[in-house]
Amino acid sequence: MTRQRDLVDETIQFSVLGPVRAWRAGKELRLGPKQQRLILGVLLARAGRPVPLGEFVELLWDGFPPASAANAVHRYVGVLRRLLEPGLPARSPGRWLVRQAGGYLLRVDEDCLDLLNFRTLVEQARHAVGSGDWARAVGLFTTALGLWQGRCAADLKPFVGTHPAFVMIEHEYVSVVCEAAAASLRCDRAGAVLLPLRHAVERNPLDEALLSHLLLVLAADGKQAEAMALYQETRLRLADELGVDPGTELSAAYDRVLRQETGGTAGTGENTGTAATAENPPADPADDHGAPAPAGVTVPREAPPVKPVQLPSDLPCFVGREDALAHATALTRATGGSAPRVLAIDGIPGIGKTALAVRLAHRVAGDFPDGQLYADLRGFVAEGSPRDPHEVLQGFLSALGVGQQNIPAQVDARAALYRSVLAGLRVLVVLDNARDIEQVRPLLPGTSECRVIVTSRSRLTGLAAGHGAHLLTLDVPTRQEATAGFLERIRASRPGEDIDMDLVERIVEGCGRLPLAVAIVAARAASHPGHPLPQVAAELVNSRITLDGFSDDNLDNDVRSVFSWSYRTLSDQAARLFRLLPLHPGPDLTVAAMASLAGVAPRAASAAVGELVRTRLLTVQRRDRYWSHDLVLAYAAELDGETRSERAAALARLHDHYRQTAHAAHLMLRPPTRPVAPPPPLPGVTPETMADSAAAMDWFTNEHSVLRAVVENTATRGESRATWELALKMQLYQQRHGCWHDWAATMRLALETARRAEDTEGMARTQHGLAGAHHFLGDCEESLRYLKSAQENFEELGLVDDLAHVLKNLGSVRFALGDYAVAVQHQEQAMRLLRATGQRALEATTTLLAGYSRLELGDVTETALLADTAATIFREVNDLNGVGSCMTLLGRLHHIQRDHSRSIAFYEQGIDLMRRAGSRANVMEALVALGDIHFDAGDVSGARRAWTDAVNCVDDPVLPLVTQAKARLRASAL
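Written out as structure tokens, the structure reads:
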């Protein structure tokens, strides 16, 4: 009994059909700031499906997230968890809000979420419609609509009208209102739906589908005068605001009101008016898909023996894609003038576009009582040409009951007749495997009652721009979805087998989670049940090199074949670039890098990239960054076309592209010593240029993983100088950005390469770099060891500037160890060398560090003088980060003198300058110190703000400064 009472007390209720609200044990919860409510709102709108972390970040910061964005989302979720479950221990997963699939999921059902309750009632109402029980259907529809208390997530403006999750629920609402109105006209219960219908029109005042239903319901409820007045008011409003006349659907509803024909279903042609026949054809109004039927063309439609039901059979083992399917279903079922009539699904070969389209079409087929048309347009096939719309139209018209003798010869006339026949009907049209928009355009119906689903490897942006289509790009399924798909295909052939899930996950990852590849491997495993799964996994080990593991008995449909259908459409230049793509070692690449890889001008590379994107052999990740699936790259690597020497030359150009561009970006960051310059660019290499230091930091951020891969590639090939040169160009970015572990790993690899090549200069420079990484990671003893080795090598080589730099760094490490007098000795020795060589930037840095050492020795006057001298030189060389560091030194000086206000002012000024310079590491260090000053001044809240900002500066939670800031936050909370 106690347990039951506890469960009642823990009951949680959520509402998203109106303002976002939540109750625990009957008491409404205060959901906190807007960002927190927005996270909850999206979770509720997804209704038990996971929301990726990236979607929250994009939503909260509109594409410009700070470095701390992910941490902020985690904090908001943590607060929501504690609201829902106050007694939840720290870091416990919780009952309601859980981590899943790289994001979060809210566990809800129809008993606790009004949206799911609404959907359950609507499904029951639709079943009642199907069985002809109109009165029960109206009751269920009105109960469902009564759950709405305003727009979905009404308190989260402006996201209510822009975020897809909320918008699609609004479309869902409008569609249900129309269904309820249509059902009410069948059973003389118009008055029951009048109030929700009025509310819907208030929210969507120019939605002609809603207005059509409202006219008919008003008239059926005895309010014919109001219906006529509403039409005239709407007609004037459409003219004033949009410059258009009422559309076909609204005009037809008004005619029915005038004729007092309000029985039947609005907008479906099922009314008591005159039916469209060969003798009395429906009108073919002009629309944005083409001209109306030519003069003299009638609609010679004969009643077909059966309505067209042409959909291919649904895939019985289709699993996953729940988010994409729900989104597409809502789009297809949406009504009203703003609802998209066309859904275009695109994605790479083998990604499962047709499977999703067919599953979707079967799911919504009942919404289209006049039939479903299907055509494979053969846009990408092994042999033959894409289907001509002329031929497809003939098949569609025949299926719709038009005799062969009455089908015009010209494609334009056929398209006009096709639109005329479909007018007034609700037909679903599926156009599979389209090549381009020109193939699709003649096949589009002309009225809003019909819906079209298109699949294509190409992203049909022209359909969106010219016809209001919604574009849906499919990515590879999640690991869980791919694993479930594999298991679904093999389970029946292996009854009772204890299947190792880790092994299955390795198999689907070996397939790159590409649905076609997963299906082929699963089919092979199912057809040979005695073939152990570990052996199946072993056969995929070579999949990065060959596609033999994904061959199919049906040679027209294996992975290699479906990729070839796109490849054979490419121009010679695009095909050559595609064959070279496997040489690129990184996860993604830019047009500039591809231009150097192919040895062509950027404009020519851009044209080739456009072809590869249109055929989906290359995918846009974000602006000017492109990606290919591993299996696509494996296919490209198999193709012949270039000799070994040509491929070697392409790889050399690619490496040189990054070597040259990294040098240009490094110079923009104003390194303290003259960097080693690379040789002139190879022929065909077009290095990228940087406008300023911010652009350089952005370039390093975007290319960091690629640069690491290039370093590993050149190291493997034994190219010592190329390896350490590129590693050195990365280290200033890695230092400032807080990538200290990566810095150490890169330098260690470069040092080993130099040692194998007995390259003394390479060893000296990488020992120096590795010492810096260890110093920032807090390992001073290891840093000293590498610095001493570097000092010996630079002395042997006679490189004075670099020797001075090492001496300066020896001073920094000695300072960190508390040996301030020894630190000053190293720093003064370095300054003497630098004054002789004229290295002003490095002289400024060394002078600044000498100031810190003097301050620790108690020499305040000398410290102030050194800070002023260093700041002057930093301004001379336009180094904002250096000037900012001088400000923090003065801030430290005033802190020691207990002048907290001046100390805080200097630190804040320095932090601002260092932020502008993009130096995260220095900003983090200064913020920790600033927090200490606030704390000493008695300002605990100011201290915690500074320490929190320090923690959020970088994404690496184990850096020493991050650990220090977290420790201070914990201590200050006690």
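Heads up: the sequence shown is residues 910 to 1883, going by my numbering.
Idealized CB from N, CA, C, for every residue including glycine.
Grab the span of the alpha helix (DSSP H) containing N1342 for me, first residue to last.
On the sequence shown, residue 1342 is found 433 positions in, with the first residue counted as 1. For N1342, there is no enclosing alpha helix (DSSP H); the enclosing beta strand (DSSP E) covers residues L1337 to A1343.
Could you spell out where the alpha helix (DSSP H) holding G1371 opens and where it closes?
Your numbering for residue 1371 matches position 462 in the sequence shown. Residues T1370 to H1376.
Taking 9 Å as the threshold (C-beta atoms), are I1842 and Y1816 in contact?
Translated into positions along the sequence shown, residue 1816 becomes position 907. Translated into positions along the sequence shown, residue 1842 becomes position 933. Their beta carbons are under 9 Å apart, which means Y1816 touches I1842 by this criterion.
Taking only runs that begin and end inside the region 1717-1794, name each unbroken alpha helix (DSSP H) of 4 or more residues, in chain order.
1729-1746, 1749-1765 and 1769-1785
Using DSSP's beta-bridge definition, name the partner residues of E937.
In the sequence shown, counting from the first residue as 1, residue 937 sits at position 28. In the DSSP output, where bridge partners are listed per residue, E937 has W932.
Going straight from the alpha carbon of I1813 to that of A1573, what length do you get?
Along the sequence shown, one-based indexing puts residue 1813 at 904. Along the sequence shown, one-based indexing puts residue 1573 at 664. As the crow flies, the alpha-carbon of I1813 is around 36 Å from that of A1573.
Measuring only the C-alpha atoms, how far is R955 from A1322?
As a position in the sequence shown, residue 955 is number 46, starting the count at 1. As a position in the sequence shown, residue 1322 is number 413, starting the count at 1. Distance between the alpha carbons of R955 and A1322: 45 Å.
Which residue marks the beginning of the beta strand (DSSP E) containing D1285, and which one marks its end?
What you label residue 1285 is simply residue 376 of the sequence shown in a count that begins at 1. For D1285, the enclosing beta strand (DSSP E) has its first and last residue at Q1281 to D1285.
Considering only C-alpha positions, which residue in the set W1474, E1555 and D1565 is nearest to I1257?
Position 348 of the sequence shown, counting from 1, holds the residue named residue 1257. Per the Cα distances, W1474.
Are the CB atoms of L1764 and T1772 within a distance shorter than 9 Å?
For the purposes of this step, residue 1772 is identified with residue 863 of the sequence shown, where counting begins at 1. For the purposes of this step, residue 1764 is identified with residue 855 of the sequence shown, where counting begins at 1. Their beta carbons are under 9 Å apart, which means T1772 touches L1764 by this criterion.
On the DSSP bridge list, what partners appear for R1008?
Numbered from its first residue, the sequence shown carries residue 1008 at position 99. According to DSSP, which records beta bridges pairwise, R1008 is partnered with Y1013.
Could you spell out where the alpha helix (DSSP H) holding L1252 opens and where it closes?
As a first step, residue 1252 is located in the sequence shown; it is residue number 343 there, counting from the start. In the DSSP assignment, L1252 falls outside any alpha helix (DSSP H) and within the unbroken beta strand (DSSP E) covering V1251 to D1255.
P1298 and L1352 - do their beta-carbons sit closer together than 9 Å?
As a working note, residue 1352 is residue 443 in the sequence shown. As a working note, residue 1298 is residue 389 in the sequence shown. Yes, these two residues count as a Cβ contact at 9 Å.
Does the beta-carbon of N1787 have 16 or more other beta-carbons within 10 angstroms, so that it is buried, or is it exposed?
Translated into positions along the sequence shown, residue 1787 becomes position 878. It is exposed - the Cβ of N1787 has fewer than 16 other Cβ atoms within 10 Å.
Rounded to whole angstroms, what's the CA-CA distance from T1778 to V1832? Just pull it up for me.
Stepping through the sequence shown from its first residue, residue 1778 is reached at position 869. Stepping through the sequence shown from its first residue, residue 1832 is reached at position 923. Straight-line Cα distance between these residues: approximately 22 Å.
Where does T920 sit, in a helix, a strand or coil, going by DSSP?
Counting from one through the sequence shown, the residue named residue 920 turns up at place 11. Coil at T920, not helix or strand.
Using C-beta distances below 7 Å, list every residue in its chain close to H1564, excluding the 5 sequence neighbours before and after it, in chain order.
As a position in the sequence shown, residue 1564 is number 655, starting the count at 1. So the list reads V1619, T1623 and A1631, once near-sequence residues are dropped.
Tell me which residues share the same chain as R1562 and place their Cβ nearer than 7 Å to its Cβ, disregarding the 5 neighbours each side in the sequence.
What you label residue 1562 is simply residue 653 of the sequence shown in a count that begins at 1. Cβ within range, chain order: S1505, L1506, G1508, L1591, G1593 and V1594.
By the three-class DSSP mapping on this structure, what secondary structure does Q1169 have?
The residue you call residue 1169 lines up with position 260 of the sequence shown. In the three-state reduction of the DSSP assignment, Q1169 falls in the coil class, being assigned neither a helical nor a strand state.
Start and end of the beta strand (DSSP E) containing S1692?
Counting from 1 along the sequence shown, the entry for residue 1692 is found at position 783. Per DSSP, S1692 belongs to no beta strand (DSSP E); it is in the alpha helix (DSSP H), C1689 to L1706.
Helix or strand or just coil, what does DSSP make of E1179?
Translated into positions along the sequence shown, residue 1179 becomes position 270. Since pLDDT at E1179 reaches only 37, below the 50 mark, its modelled position is unreliable, and the value read off the structure follows with that caveat. Looking at E1179 - three-state DSSP - the assignment turns out to be coil, as it is neither helix nor strand.
What number of angstroms, rounded off, separates the C-alpha of G1310 from the C-alpha of P1155?
Taking the first residue of the sequence shown as 1, we reach residue 1310 at position 401. Taking the first residue of the sequence shown as 1, we reach residue 1155 at position 246. Distance between the alpha carbons of G1310 and P1155: 30 Å.
Identify whether P961 lies in helix, strand or coil by the three-state DSSP scheme.
Residue mapping note: residue 961 aligns to position 52 of the sequence shown, counting from 1. Strand, per DSSP.
Pop quiz: L1490 and G1647 are said to be a contact at Cβ under 8 Å. What is the actual Cβ separation, rounded to whole angstroms?
The count along the sequence shown starts at 1 and reaches residue 1490 at position 581. The count along the sequence shown starts at 1 and reaches residue 1647 at position 738. Not confirmed; about 32 Å, so no contact.
So, for H1271: in the same chain, excluding its five sequence neighbours on each side, which residues have a beta-carbon less than 8 Å away from its beta-carbon?
Indexing the sequence shown from 1 puts residue 1271 at position 362. Contacts found: L1220 and D1223.
Could you tell me how far apart the beta carbons of A1101 and T1051 are, in whole angstroms, since I believe they sit closer than 8 Å?
Counted from its first residue, the sequence shown places residue 1101 at position 192. Counted from its first residue, the sequence shown places residue 1051 at position 142. So it is a contact: roughly 5 Å between Cβ atoms.
In this structure, does DSSP put S1881 in helix, strand or coil?
As a position in the sequence shown, residue 1881 is number 972, starting the count at 1. Helix.
If you drop the 5 nearest sequence neighbours on each side, which residues of the same chain put their C-beta closer than 7 Å to that of L1616?
Within the sequence shown, numbered from 1, the residue matching residue 1616 stands at position 707. Y1567, A1571, L1635 and M1639.
Check each candidate in L1302, S1329 and D1341 and name the one with the smallest Cα separation from V1267.
By 1-based counting over the sequence shown, the position of residue 1267 is 358. Out of L1302, S1329 and D1341, D1341 has the C-alpha closest to the C-alpha of V1267.
Within this structure, are the beta carbons of L1015 and G957 separated by less than 9 Å?
Position 106 of the sequence shown holds residue 1015. Position 48 of the sequence shown holds residue 957. Closer than 9 Å, so yes.
Exposed or buried, which one is R1098 when buried takes at least 16 other CB atoms within 10 Å?
Residue 1098 sits at position 189 when you count from the first residue of the sequence shown. Its Cβ being crowded by 16 or more others within 10 Å, R1098 is buried.
Identify the continuous beta strand (DSSP E) that holds L1548 and give its terminal residues.
As a working note, residue 1548 is residue 639 in the sequence shown. No beta strand (DSSP E) holds L1548; DSSP gives it neither H nor E.
Let me know the secondary structure DSSP gives T1598 once reduced to three states.
By 1-based counting over the sequence shown, the position of residue 1598 is 689. Coil.
Going along the chain, which residues of its own chain have a beta-carbon closer than 7 Å to the beta-carbon of M1672, five neighbours each way excluded?
Reading the sequence shown from its first residue, position 763 is the one you call residue 1672. Cβ within range, chain order: L1660, A1663, R1664 and N1702.
Can you tell me the Cα-Cα spacing of C1096 and P1105, whole angstroms?
Position 187 of the sequence shown holds residue 1096. Position 196 of the sequence shown holds residue 1105. Roughly 17 Å separates the two Cα atoms.
In whole angstroms, what is the alpha-carbon distance linking R1165 and L1125?
For the purposes of this step, residue 1165 is identified with residue 256 of the sequence shown, where counting begins at 1. For the purposes of this step, residue 1125 is identified with residue 216 of the sequence shown, where counting begins at 1. Computed Cα separation, rounded: 8 Å.
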